[in-house]
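Numbering (the working numbering), first residue to last: 86 to 299. Glycine included, every Cβ here is placed at the ideal spot set by N, Cα and C. The structure displayed is predicted, hence computed values, not measured ones. So the structure is just underneath, and the comments pick up after that.
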């Protein structure tokens with residue numbers, strides 16, 4: 086079968102429609118991902134405390150079965166957006182430590198499992214018999230972590246910071262004093278005599294004159 090020559094009109098017509106269709110699909114996927122990432126705005130507005138985990142994304146990306154899904158999830162971008170959006174709205178972002186065993190800890194009694202493979206999706210506690218979904222159990226543990234860290238984990242509760250205590254006597258009202266009158270240039274020394282001082286001076290002059298007349 087003879088090959089198709091480069092620039093043949095049949096090959097061009099057969100290639101360009103598929104290329105345009107593929108670009109359209111990629112553009113739609115990119116828009117959907119961006120819209121999903123910006124749903125973090127709603128979270129920052131509706132909840133006073135948000136908890137995220139510091140995951141080892143680099144190690145998860147080396148897994149052949151998870152690498153593509155981890156890259157599509159964009160965990161780093163989600164955390165970046167939550168950081169500045171919660172700061173802008175006055176809410177709180179709690180980051181659980183990378184080694185915090187949220188999936189291995191029982192949300193009822195606090196017992197910690199030694200090993201829990203990723204393939205096990207149901208958490209079963211050997212101590213109290215709790216049977217719960219792995220992700221749901223981890224979510225309860227993260228809520229408890231937020232309650233211990235910030236004192237509140239209620240949606241919409243901003244938990245305003247307590248006012249700092251003022252130094253002793255700073256919270257009392259002080260008497261407002263008038264500023265001292267500046268020295269004028271009316272007399273030597275710059276002091277302006279008061280009316281009372283002038284009256285007393287005149288009285289002393291009258292008494293001296295009366296004594297000399299006697």
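Residue 179 is positioned such that its CB atom lies closer than 8 Å to that of residue 134.
Close CB contacts of residue 189 within its chain, under the 6 Å cut and outside five residues either way in sequence, are with 197, 198 and 201 (chain order). Every unbroken stretch of the alpha helix (DSSP H) spanning 4 or more residues and falling wholly within the region 145-220 is given here in chain order: 152-158 and 160-174.
Spatial neighbours of residue 191 in its own chain (CB-CB distance under 6 Å, excluding positions within 5 residues in sequence) are listed in chain order as 210 and 215. Around the CB of residue 171, 16 or more other CB atoms lie within 10 Å, so the residue is classed as buried. An exposed status is given to residue 121, since fewer than 16 other beta-carbon atoms sit within 10 Å of its beta-carbon. Judged by DSSP secondary structure, residue 140 falls outside any alpha helix (DSSP H); it is assigned neither H nor E. Rounded to the nearest angstrom, the gap between the Cα atoms of residue 164 and residue 185 is 17 Å.
The beta carbon of residue 160 lies closer than 7 Å to those of 140 and 142 in the same chain, with the five residues before and after it left out. The beta-carbon separation of residue 158 and residue 146, rounded to 11 Å, does not stay under the 8 Å limit for a contact. The C-beta separation of residue 129 from residue 176 comes to about 6 Å, placing the pair in contact by the 8 Å criterion. Assignment of beta-bridge partners to residue 135 by DSSP yields 178.
Straight through space, the alpha carbons of residue 225 and residue 167 are spaced by roughly 20 Å. Only residues of its own chain outside the window of five on either side were considered, and among them 191, 193, 194 and 196 have a CB closer than 8 Å to the CB of residue 213, listed in chain order. Counting other Cβ atoms within 10 Å of its Cβ, residue 205 stays below 16 and is therefore classed as exposed. Within the model, the alpha-carbon separation for residue 235 versus residue 221 is close to 21 Å. DSSP places residue 124 outside both helix and strand once states are collapsed to three, so it counts as coil. With distances taken between CA atoms, residue 182 lies nearest to 137 out of 118, 137 and 105.
Pairing residue 148 with residue 154, the inter-Cα distance amounts to about 10 Å. The beta carbon of residue 104 sits closer than 8 Å to no other beta carbon from its chain once the five residues preceding and following it are set aside.
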